[in-house]
Amino acid sequence: MKIIPKTVVGIDLHDHLVQLVELRQSNGDTTLRAYNRVVIPEGVIKDGAIQNEEDFKTILKALIRNANPSKVDTKAVAIILPPRIIFTHIFAFPAALSKKDISRALPYEAEIVIPYPMKDLYWDFAILDRDDSNGDSKQYQYIMFAAVEKAVADKYTKTLDAIGIKPMLYGVHVEALKYALESQIPQEGKSLIIEVGALSTNYLTIKHGHIKHFISSNEGTSHLIDDISSEFKVSKDELFAKWENHKEDPKFSEKIREFVNSKYKMATDIILAKQETKKEKVQNIILTGEFSNLPGFYEIAKKQFGKRNIIIGDPKKGLLIEDDRFIQKGSASKAPYSIYFTNAIGVALDALKSKEGSNINLIPSWLKRQFLSKKIEVAIIAGSLAMAIISLSIAGFVFYKHLTSSFERESLEVKKSNIELTLYGTRYQDVKEDLEAFNTEVITLSNIDNGLFSLPQTITMIYELMPEGITINSFKYKDSDMSVSISGIADERSSLLEMQDNLDNSEFIDAAEMPLSSFDTKSSIPFQVNITLIFSSLPEYASN
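Counting in my numbering, the final residue of the sequence shown is number 548, and the numbers go up one at a time with none missing.
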């Protein structure tokens, strides 16, 4: 239980809308403190990327300043970037691999499915579900991988920094959906969440609290609004700004019905057909998203999904809300704050509830280093204060001991002076040169001895680091730079990863360099590794 309340601002943005919530967590409860929702004019953000920085900064300032009921504090901000700029994929890895092994292998696997070089991306991953009950190497763990282009993420970060915001988290929709609806997802059986957003429709399958599948369609409500705008000659900005009124217009009903049917058809044909088995069915359908209140959305779902349990996913159900805080001045009506804020609430809860390092965070590497530096700085300050208190506590004792020992010290100094006069007498000067010559010879012999080490024992120690499945064909030692070159064959990639890990963690090896090409294949892998030894850690010459 946290005694000190923690507050986080969650922001969800895309081409047409930006939404904000402020959540506070205290004593296990999460309270909604503020919210706001602003339409973004066409051209400010396009396909998820910022096109007009100045207009975007003006919109964000207004979003924060005019939040209901009051301006929010932006010290801790978590953001969901537009879905069109985020790439996600679920990989399967052997259950025996550690998180460190997965981190090494992921770039090679990801480059197969991502249309960008890994060096141009910020990426992260999270372990979704691990099955290692009996250690069988045929069992798998499932990894959610996410990435964003560095140029796009850096532009968002620098634009936010210009108005005083340093985001602590760039989250992903899959985790935000899970946290936003966590209190409503049944623990028994599989649940399919259908989130209808402006730029995408997302399908998330969850079982026993674990993410199983995630598919994102690039067609969201903006596609529907584009069709309506084109056919009925209505401004898209006008439709987004007053969608609550326009969606009830009878002349738009046929377009809306076609859109809803197409989203449910995808859920039936692609999601349910591929993810269900005879033994395991999707039992619950959860409908949510900022545009999930389309006319007929619930009724069509009841017909489309048969006997399955249909649930309206309302993210506010897991929050404490004081309704009176949000009544507008001069009006008795309350502003809506439920389905419109699914992802904003979800990313804020992600930042509040998840353990550090367990969630996916796509903020730039340089910003992560800044946060780490601040944590180290706080730790140093706390340590300095503790040391100051300890120092003050013992200062009096030391001062007292200093005074009581003054007389004894003076007496000892007199005796020391007498001894020094004796030692530095005439006889000492006669033998001084002989002593210096002797010491020089000892130092010379010590340097010769320290320059030797046991090469046979060093080779034995290197061979002991080789795991099963590694066959060594060549072993070359180079004396000039204390290096060893080893080539051979690895049965499979896991053996190669284990060998790399053993070499990296060895106390007598400074560096172990292996070309990336060694990981291109999965079995019978030829490799070459160059090892640089640490001389001071090697066994001495003639040692056992």
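The beta-carbon is built from N, C-alpha and C at its ideal position, and this holds for glycine as well. The structure presented is a predicted model; accordingly, all values stated were derived computationally and were not measured.
Quiz item: Quick one: any contact between the stretch 86 to 105 and the stretch 207 to 227, if contact means 3 or more CB pairs under 8 Å?
Solution: yes
Quiz item: Going by Cα to Cα distance, which pick from P460, A352, Y146 and L298 is closest to V12?
Solution: The residue you call residue 12 lines up with position 8 of the sequence shown. If we check each option's Cα against that of V12, A352 comes out closest.
Quiz prompt | According to DSSP, residues forming a beta bridge with W127 | solution = The residue you call residue 127 lines up with position 123 of the sequence shown. A151.
Self-check item: Residues that E242 bridges to, as DSSP identifies them
Solution: Here residue 242 refers to the residue found at position 238 when the sequence shown is read from its first residue. DSSP, once it has assigned bridges, lists no residue as partnering E242.
Exercise. Consult DSSP for Q55 and reduce its assignment to one of helix, strand or coil.
Key: For this step, residue 55 is matched to residue 51 along the sequence shown. Looking at Q55 - three-state DSSP - the assignment turns out to be coil, as it is neither helix nor strand.
Quiz item: Taking the C-alpha atoms as reference points, what is the distance between N554 and F512?
Solution: This structure does not reach residue 554, given that the chain is present from 5 up to 548, and the question cannot be answered.
Exercise. Look up N313 in the DSSP assignment and say whether it is helix, strand or coil.
Key: The sequence position of residue 313 within the sequence shown is 309, counting from 1. In this structure, N313 counts as strand in the three-state DSSP scheme.
Quiz item: Can we say the stretch 535 to 546 touches the stretch 476 to 490, given the rule of at least three CB pairs closer than 8 Å?
Solution: yes
Quiz item: Across which residues does DSSP place I8 in a beta bridge pair?
Solution: Counting from one through the sequence shown, the residue named residue 8 turns up at place 4. The partner list for I8 (beta bridge, DSSP) is empty, contrary to what the question assumes.
Self-check item: Contact the stretch 53 to 60 vs the stretch 314 to 330: 3+ CB pairs below 8 Å
Solution: no
Quiz item: Sorted by chain position, which residues of the same chain lie with C-beta nearer than 6 Å to I232's C-beta, five sequence neighbours on each side aside?
Solution: Your numbering for residue 232 matches position 228 in the sequence shown. Contacts found: F256 and K259.
Quiz item: Leaving out the 5 sequence neighbours to the left and right, which residues in its chain are closer than 8 Å to P575 when beta-carbon positions are compared?
Solution: Summary: the structure shown does not reach residue 575, with the chain confined to residues 5 through 548, and so no result is reported for it.
Quiz prompt | Chain-order list of residues whose beta-carbon lies under 7 Å from that of N70 (same chain, five-residue window excluded) | solution = One-based indexing of the sequence shown puts residue 70 at position 66. Counting only Cβ-Cβ distances below 7 Å, and skipping sequence neighbours, we find N40.
Quiz item: Where does T536 fall in DSSP's three states?
Solution: Along the sequence shown, read from residue 1 onward, the residue named residue 536 stands at position 532. Note: T536 maps to strand in three-state DSSP.
Quiz item: Nearest to A151 by alpha carbon, out of N288, D133, K123 and M270?
Solution: Residue mapping note: residue 151 aligns to position 147 of the sequence shown, counting from 1. Out of N288, D133, K123 and M270, K123 has the C-alpha closest to the C-alpha of A151.
Practice problem: Output the distance between the C-alpha atoms of A80 and P171, rounded to the nearest integer angstrom. | Solution: Locating residue 80 in the sequence shown gives position 76, where the first residue counts as 1. Locating residue 171 in the sequence shown gives position 167, where the first residue counts as 1. Their backbone Cα atoms lie some 7 Å apart in a straight line.
Quiz prompt | CB of L291 within 8 Å of CB of K251, strictly | solution = Position 287 of the sequence shown, counted from the first residue, corresponds to residue 291. Position 247 of the sequence shown, counted from the first residue, corresponds to residue 251. Going by C-beta atoms, L291 is not nearer than 8 Å to K251.
Exercise. Note down, in chain order, each residue of its chain lying with its Cβ closer than 6 Å to the Cβ of I49, except the 5 sequence neighbours on either side.
Key: Indexing the sequence shown from 1 puts residue 49 at position 45. Here the set comprises D19.
Quiz prompt | Candidates G310, Y302 and L323: closest to I316 by CA position | solution = By one-based count along the sequence shown, residue 316 stands at place 312. Ranking the options by Cα distance to I316, first place goes to Y302.
Quiz item: What number of angstroms, rounded off, separates the C-alpha of P9 from the C-alpha of G168?
Solution: Numbered from its first residue, the sequence shown carries residue 9 at position 5. Numbered from its first residue, the sequence shown carries residue 168 at position 164. Their backbone Cα atoms lie some 22 Å apart in a straight line.
Exercise. Consult DSSP for S337 and reduce its assignment to one of helix, strand or coil.
Key: The residue you call residue 337 lines up with position 333 of the sequence shown. With a pLDDT of only 48 at S337, under 50, the local geometry of the prediction cannot be trusted, and no value is derived from it.
Quiz item: When the distance is taken between beta carbons, is A53 closer than 8 Å to G175?
Solution: Translated into the one-based positions of the sequence shown, residue 175 becomes position 171. Translated into the one-based positions of the sequence shown, residue 53 becomes position 49. In this structure, A53 does not lie closer than 8 Å to G175 by Cβ.
Quiz item: In the DSSP assignment, what are the bridge partners of A82?
Solution: Translated into positions along the sequence shown, residue 82 becomes position 78. Paired residue(s): G14 and L173.
Practice problem: Throw me the rounded Cβ distance for the F345 and P319 pair, which I believe falls under 8 Å. | Solution: For this step, residue 345 is matched to residue 341 along the sequence shown. For this step, residue 319 is matched to residue 315 along the sequence shown. Yes, F345 and P319 are in contact; Cβ-Cβ is about 6 Å, under 8 Å.
Practice problem: Take Q504 and list the residues in its own chain whose beta-carbon comes closer than 7 Å to its own, dropping the five residues that flank it on each side. | Solution: On the sequence shown, residue 504 is found 500 positions in, with the first residue counted as 1. Cβ within range, chain order: A516 and M518.
Quiz item: Under the three-state reduction of DSSP, which class applies to Y469: helix, strand or coil?
Solution: In the sequence shown, the residue the question calls residue 469 occupies position 465. The amino acid at residue 469 is misidentified as Tyr; the sequence shows Leu. Coil.
Practice problem: Leaving aside the five residues before and after E113 along the sequence, list all residues of the same chain whose C-beta is less than 7 Å from its C-beta, in chain order. | Solution: Residue numbering aside, residue 113 sits at position 109 when the sequence shown is read from its first letter. Only F95 meet the Cβ criterion.
Quiz item: How would you label F236, buried or exposed, when you count the other beta carbons within 10 angstroms and need 16 or more for buried?
Solution: Against the sequence shown, residue 236 aligns to sequence position 232. With fewer than 16 Cβ atoms within 10 Å of its Cβ, F236 is classed as exposed.
Quiz prompt | Whole-number beta carbon distance between S498 and L132, since they are thought to touch under 8 Å | solution = Taking the first residue of the sequence shown as position 1, residue 132 is located at position 128. Taking the first residue of the sequence shown as position 1, residue 498 is located at position 494. That belief does not hold up - the Cβ atoms of L132 and S498 are roughly 20 Å apart, past 8 Å.
Quiz prompt | Limits of the unbroken beta strand (DSSP E) element including V351 | solution = Taking the first residue of the sequence shown as 1, we reach residue 351 at position 347. Segment T346 to K357 is the alpha helix (DSSP H) holding V351; no beta strand (DSSP E) there.
Quiz item: Shortest alpha-carbon distance to R261 belongs to which of S397, L228 and L243?
Solution: On the sequence shown, residue 261 is found 257 positions in, with the first residue counted as 1. With distances taken between Cα atoms, R261 lies closest to L228.
Quiz item: For the candidate residues A348, K61, D77 and I289, whose alpha-carbon lies nearest to that of H177?
Solution: As a position in the sequence shown, residue 177 is number 173, starting the count at 1. Ranking A348, K61, D77 and I289 by Cα distance to H177 puts A348 first.
Quiz prompt | Residues bridged to L27 [DSSP beta-bridge criterion] | solution = If you number the sequence shown from 1, residue 27 lands on position 23. According to DSSP, which records beta bridges pairwise, L27 is partnered with V12 and L36.
Exercise. Measure how close the beta-carbons of K61 and T163 come, nearest whole angstrom, since I'm counting them as under 8 Å.
Key: As a first step, residue 61 must be located in the sequence shown, where it is residue number 57. As a first step, residue 163 must be located in the sequence shown, where it is residue number 159. Yes, K61 and T163 are in contact; Cβ-Cβ is about 6 Å, under 8 Å.
Quiz item: V76 and A130: beta carbons closer than 8 Å?
Solution: What you label residue 76 is simply residue 72 of the sequence shown in a count that begins at 1. What you label residue 130 is simply residue 126 of the sequence shown in a count that begins at 1. No, they are not a contact pair.
Exercise. Let me know the secondary structure DSSP gives Y207 once reduced to three states.
Key: Position 203 of the sequence shown, counting from 1, holds the residue named residue 207. Correct three-state label for Y207: strand.
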